[in-house]
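Working notes, beginning with the structure itself.
Chains as they are written, first to last, in the working numbering: chain A, 744 to 1016; chain B, 80 to 283.
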């Protein structure tokens, strides 16, 4: 069957359109698969209803990497459609369909979350920060006094957008083709790329650039300050909070609690001093 | 004032759909929303700074599985609008934004639970081919837009005057406390950013 890739990739943008806490992305997945199922079972309403029911099972994966699931699911639907005249084989294939669906969705979710949410998203932030610094916009200072800032800000935002969305776009397109033409042996095209290596390289890049931004930021923040009691107090409190931030990560405590804690502590100190 | 407030809230509510429901192009990330609102309210750099600080303070939160993180979009929006409409100092407006962003996570969880409660009925209709999934999703998106819009407007109308009163009433020392807490955000946030790139798997 001829598949219009663009149509299904565009539909996949609404995968989370009816996110619910019970079956998560199930309605979104059905929305993507709907034209395909209609085309496949247009002459057999009974099988169409069964296909809809099948696609309404719990589904949860990474929204970018879902294209890897779509190709494999369409491939499996094709297999099911071919055996629908033999009900025993049909039921057996349907069970297999469910197993494939959940295993692909789970693996893809794990990879996608690590690559897109934990790596590319913060990395695009680092890209923006680097451009801002190069344009002499020192956002780490509590006040930013810079002129002619608009082109730099636009450039930073555009590069951040591109650095995240270009890999997303490529993954959506390539994922669909790879998984549709893939087999169970290459896990529907998923093993064709060394995902762990890509993630490790990107994360290392992120670490290096962030460390550089941190040191550069510190230098510009305190350069030119005269050493007096105020500046020493400021540096000491800052160092204490930075260390505390590293320390609380061991218990997975988010930084937001450190901020709220600091508001509370400083307010109490201010009220009683 | 009300008209421009409603317009800005509607714009943010529309873009907020990108966070979870449509596309996830990250155009709803605080840095973009902050810069956009900053430009619209006449202070691009302040908006950008609020956006960046919000990104950094929420860097630990990832929308994995069924988790509903606090909304960075709401936080940045409320902070910028409080500063613009009520002339609130930015370090205090940011604190108000954080409270609203955290509160919105509860609202979002409530909506998701409500959708789950209606799911059985919707599924029956879908299987009988009485409705299409497209219609279900469009209705859900409209509802989400309305909820975010109403939430933003209510936060501004209800919390605005309340926090302005508190803001004017608290002593200068407490202002310094809020200011200093605001000052530590980017440094603590950069630490969080650095650690988010850790290759070491987390211990259970």
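Virtual Cβ for every residue (Gly too), placed ideally from N, Cα, C.
Residue i: CB within 7 Å of a non-hydrogen atom of the ligand SAM
i                      : result
residue 860 of chain A : Ligands are entirely absent from the displayed structure, and the ligand SAM is therefore not among its contents.
Opening and closing residue of the alpha helix (DSSP H) in which residue i lies
i                      : result
residue 842 of chain A : 830-855
residue 266 of chain B : 251-275
residue 748 of chain A : 748-754
residue 118 of chain B : 109-120
residue 248 of chain B : 239-248
residue 161 of chain B : 151-165
residue 876 of chain A : 864-877
residue 221 of chain B : 212-233
residue 979 of chain A : 972-991
Which residues DSSP lists as bridging residue i, in chain order
i                      : result
residue 200 of chain B : BP columns for residue 200 of chain B are empty, so no partner.
residue 763 of chain A : A:767
Coarse secondary structure for residue i, derived from DSSP in three states
i                      : result
residue 802 of chain A : strand
residue 929 of chain A : coil
residue 140 of chain B : coil
residue 146 of chain B : coil
residue 999 of chain A : helix
residue 820 of chain A : helix
residue 775 of chain A : helix
residue 937 of chain A : coil
residue 758 of chain A : coil
residue 784 of chain A : coil
residue 808 of chain A : coil
residue 912 of chain A : helix
residue 966 of chain A : coil
residue 826 of chain A : coil
residue 105 of chain B : coil
residue 961 of chain A : helix
residue 944 of chain A : helix
residue 97 of chain B  : helix
residue 185 of chain B : helix
residue 897 of chain A : helix
residue 170 of chain B : helix
residue 880 of chain A : coil
residue 892 of chain A : coil
residue 795 of chain A : helix
residue 89 of chain B  : helix
residue 283 of chain B : Caution is warranted here: a pLDDT of 45 is assigned to residue 283 of chain B, below 50, making its placement in the model unreliable, and no coordinate value can be reported.
Chain-order list of residues whose beta-carbon lies under 8 Å from that of residue i (same chain, five-residue window excluded)
i                      : result
residue 933 of chain A : 811, 847, 850, 851, 854, 921, 922 and 925
residue 283 of chain B : Its pLDDT being 45, under 50, residue 283 of chain B is placed unreliably by the model, and the measurement read from it follows with that caveat. No residues qualify anywhere along the chain.
residue 869 of chain A : 949, 952, 953 and 956
residue 275 of chain B : 138 and 139
Same chain, Cβ closer than 6 Å to residue i, neighbours up to 5 away in sequence not counted
i                      : result
residue 92 of chain B  : 224, 227 and 228
residue 770 of chain A : 761
residue 126 of chain B : 113, 114, 116, 117 and 159
residue 142 of chain B : 148
residue 928 of chain A : none
residue 188 of chain B : 147
residue 707 of chain A : This structure cannot speak to residue 707 of chain A, because chain A is shown only from 744 to 1016.
residue 120 of chain B : 163
residue 909 of chain A : none
Contacting residues, own chain, Cβ-Cβ under 7 Å from residue i (five flanking each side not counted)
i                      : result
residue 58 of chain B  : This structure does not reach residue 58 of chain B, given that chain B is present from 80 up to 283, and the question cannot be answered.
residue 801 of chain A : 766, 767 and 769
residue 903 of chain A : 867, 868, 870 and 871
residue 181 of chain B : 149
residue 772 of chain A : 758, 798 and 802
residue 177 of chain B : 154
residue 998 of chain A : 988
Members of the stretch 790-810 of chain A near chain E, C-beta cut-off 8 Å: Going by chain labels, chain E is absent from the structure shown, which instead holds the protein chains A and B.
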